[in-house]
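Enquirer: Counting in this note's numbering, the final residue of the sequence shown is number 241, and the numbers go up one at a time with none missing.
Note that beta-carbon positions come from the ideal geometry of N, C-alpha and C, so glycine has one too.
My structure is below; once you've seen it, I'll send some questions.
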Amino acid sequence: MTKRILLVEDEPGLVMTLKDRLSKEGYAVESANDGPSGYKRATTESFDLLILDVMLPHSSGLDVCRDLRQAGIKVPVLMLTAKSQLVDKVVGLKIGADDYLTKPFEMMELLARVEALLRRVSQRTPAAKEGSFEFGPNRVDFRSTAVFRDGRPIDLSAREFKLLRYFIEHRGATVSRDELLNAVWGYEAMPFTRTVDVHVAWLRQKLEPNPRHPQFILTVHGLGYRFVDS
Ligand code: CA
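Structure follows, in structure tokens:
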């Protein structure tokens, strides 16, 4: 699957160069040119990686990173700092950035960091086909596509399992109903976003200790849903 990268940077030249090069490497690259719009995209769409410049208009990359972590967004963040901003590196790592790179940098160096971060994350995320994932009293076994609650098997339809797997793979990110329809149902199958709500309600009935006050599959008003596991 194509990895999606969000580049938050305000220097048009650098945006163009990076977009061009990263696309050639097979990544899908989106960009935002200030702090608030970067934050908005990172919280409303799902990305595999953020490249975040520290010096941005309106709010700094450090603010954006901190706010994302506070919102439970766990997407890996590669910070770009200027040479004079040594202190930013330390602060950046403290507030949840995964790595940093000092400007000016060699393109090969950036590509290596991006690749390393994506690899690290794919090891951290349970590969959906092997491994299992636990949240609260629930355990999902991806290999046998079985789900257990307090050790007892629960009945999930194939669609519910697919939806749950999508949530787990994108945990921490807000996913829209349209995105879920596309990923879980396919583009043409179901024109009604209400379908998503119905299936989410079923999943909550089966997996949430208190379905009326969900703690795992959260509603993000006006945007969609977000799965959190802590
Ligand atoms: Ca900048």
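(1) Quick check on the contact list: which residues have their beta carbon closer than 7 Å to a heavy atom of ligand 1?
(2) Tell me whether the beta-carbon of residue 179 lies closer than 8 Å to the beta-carbon of residue 151.
(3) For the pair the segment 45–52 and the segment 164–182, tell me if three or more CB-CB distances fall below 8 Å.
(4) Here's the rule I'm using: 16 or more other beta-carbon atoms within 10 Å means buried, otherwise exposed. How should residue 223 be labelled?
(5) Go to residue 84, then tell me how far its beta strand (DSSP E) extends in each direction, as first and last residue.
(6) Note down, in chain order, each residue of its chain lying with its Cβ closer than 7 Å to the Cβ of residue 230, except the 5 sequence neighbours on either side.
(7) Would you be able to state if there are at least three C-beta pairs under 8 Å between the segment 59–70 and the segment 30–45?
(8) Can you round the beta-carbon distance between residue 18 and residue 53 to whole angstroms, since I take them to be within the 8 Å contact cut?
(9) Within the continuous alpha helix (DSSP H) that includes residue 214, where are the two ends?
(10) DSSP beta-bridge partners for residue 151?
(11) How would you call residue 23, buried or exposed, if buried means at least 16 neighbouring beta carbons within 10 angstroms?
(12) Residue ranges of each beta strand (DSSP E) run of no fewer than 3 residues wholly in the segment 156–194, ordered along the chain?
(13) Does the structure place the segment 158–171 close enough to the segment 69–86 that three or more beta carbon pairs sit under 8 Å?
(14) Which parts of the segment 17–63 are runs of the beta strand (DSSP E), unbroken and 3 residues or longer, counting only runs that do not cross its ends?
(15) By how many angstroms is the C-alpha of residue 105 removed from the C-alpha of residue 118?
Expert: Concretely, from the data shown:
(1) 20, 21, 22, 64, 66, 67
(2) yes
(3) no
(4) exposed
(5) No beta strand (DSSP E) contains residue 84, which DSSP labels as neither H nor E.
(6) 236
(7) yes
(8) At roughly 11 Å, the Cβ-Cβ gap does not stay under 8 Å, so residue 18 and residue 53 are not in contact.
(9) 205–218
(10) 144, 158
(11) exposed
(12) 157–160, 163–165
(13) no
(14) 39–43
(15) 25 Å
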